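Student: Residue numbers (UniProt numbering): 1 to 259. Glycine included, each C-beta is placed from N, C-alpha and C at the ideal position. In this text the structure is predicted, and so the values were computed from the model without any measurement. There's a structure below that I have some questions on.
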């Protein structure tokens, strides 16, 4: 990837995004069954038998998390309770899918991230662990965090705050520290680190503002700000705040473009 050409389309997420995503997923599901009958049971059980996006999301995330130690019945109940208490988590998932579909030229169907993309799945599991972390259930939050790390090779501390409309493209190797903040409509490529500089307490991780783009393999360290619409070139090491709409690249990263 050319580190100066991280492309993100200009798009706005509609207010009825949940309805749009669910309607499209249902249409795509039926078309997929017609074209690939061997997938009928998988598509039916994952999508068509469910009455809503919420129900389908609960099902697919519970299937990801259920294992020899934790029953699917127990996980289903936990996710159901969390989604019932905060429906913004469900809307955030729909916004993630909308952003992935808008930004990634390889994704031509809404159904694809929902069923297959680990960047989408790991983010939804993080939102569950984040809710648990902030509702005095830190041990279960850490358990899910550990599962996320082992299964998807993505390390997101349960306390990290992540907005919606976020695309973690490929996702492998992403590390996001405890006091990191990622705002809405941010794109993060694989092997990105949002880390600290060794400070042991307090606010010590990066703040990524809306519509920023973080290139593959970038390392961003410390309590610094990556401004609105800024771009970080692939493989850069960023040690200082980046102004809005700017592009930086290199080791250490240097400003090469500013509007």
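(1) Looking at the structure shown, is residue 194 part of a helix, part of a strand, or coil, going by DSSP?
(2) Taking only runs of the alpha helix (DSSP H) that begin and end inside the stretch 128-197, which ones reach a length of at least 4 residues, in chain order?
(3) Counting only the same chain and skipping the five closest in sequence on each side, list residues whose C-beta sits under 7 Å from that of residue 246.
(4) Beta-carbon within less than 6 Å of residue 225's beta-carbon, same chain only, minus the 5 sequence neighbours each way: which residues are those?
(5) Can residue 235 and residue 168 be called in contact, C-beta distance under 8 Å?
(6) Measure the CB-CB distance between residue 190 and residue 160 and report whether it falls below 8 Å.
(7) Does residue 79 pass the burial test, meaning 16 or more other C-beta atoms within 10 Å, or should it be called exposed?
(8) Throw me the rounded Cβ distance for the residue 223 and residue 205 pair, which I believe falls under 8 Å.
(9) Starting from residue 85, follow the beta strand (DSSP E) in both directions and report where the run begins and ends.
(10) Pull up the distance between the alpha-carbon of residue 214 and that of residue 86, whole angstroms please.
(11) Can you check whether the CB of residue 176 is closer than 8 Å to the CB of residue 163?
(12) What number of angstroms, rounded off, separates the C-alpha of residue 327 from the C-alpha of residue 196?
(13) Can you give the Cα-Cα distance for residue 130 and residue 46, rounded to whole angstroms?
(14) Find the nearest neighbour of residue 179 within the set 193, 147 and 61, judged by alpha-carbon distance.
(15) Can you name, in chain order, every residue of its own chain whose Cβ lies under 6 Å from the Cβ of residue 15, other than the five neighbours on each side?
(16) Mapping the DSSP letters down to three states, classify residue 247 as helix, strand or coil.
Tutor: With the structure as the only source:
(1) For the purposes of this step, residue 194 is taken as the residue at position 194 of the chain shown. Strand.
(2) 138-152
(3) Locating residue 246 in the chain shown gives position 246, counting from the first residue. Here the set comprises 227, 230, 255, 257 and 258.
(4) On the chain shown, position 225 is the one that residue 225 refers to. The answer, listed in chain order, is 207 and 241.
(5) Within the chain shown, the letter at position 235 stands for residue 235. Within the chain shown, the letter at position 168 stands for residue 168. Contact: no.
(6) On the chain shown, position 190 is the one that residue 190 refers to. On the chain shown, position 160 is the one that residue 160 refers to. Contact flag unset, no.
(7) Locating residue 79 in the chain shown gives position 79, where the first residue counts as 1. Under this definition residue 79 is a buried residue.
(8) Reading the chain shown from its first residue, position 223 is the one you call residue 223. Reading the chain shown from its first residue, position 205 is the one you call residue 205. With a Cβ gap of about 6 Å, residue 223 and residue 205 count as contacting.
(9) Within the chain shown, numbered from 1, the residue matching residue 85 stands at position 85. It is not in any beta strand (DSSP E) - residue 85 instead sits in the alpha helix (DSSP H) that spans 72-85.
(10) Numbered from 1 along the chain shown, position 214 holds the residue referred to as residue 214. Numbered from 1 along the chain shown, position 86 holds the residue referred to as residue 86. Approximately 29 Å, taken between the alpha carbons.
(11) For the purposes of this step, residue 163 is taken as the residue at position 163 of the chain shown. For the purposes of this step, residue 176 is taken as the residue at position 176 of the chain shown. Their beta carbons are not under 8 Å apart, which means residue 163 does not touch residue 176 by this criterion.
(12) Residue 327 is absent from the structure shown; the chain starts at 1 and stops at 259.
(13) As a first step, residue 130 must be located in the chain shown, where it is residue number 130. As a first step, residue 46 must be located in the chain shown, where it is residue number 46. In a straight line, the C-alpha of residue 130 is about 25 Å away from that of residue 46.
(14) For this step, residue 179 is matched to residue 179 along the chain shown. Here the closest residue by C-alpha is 193.
(15) Counting from one through the chain shown, the residue named residue 15 turns up at place 15. Closer than 6 Å at the Cβ level, and outside the excluded window around residue 15, lies no residue.
(16) Within the chain shown, the letter at position 247 stands for residue 247. DSSP places residue 247 in strand when its eight states are reduced to three.
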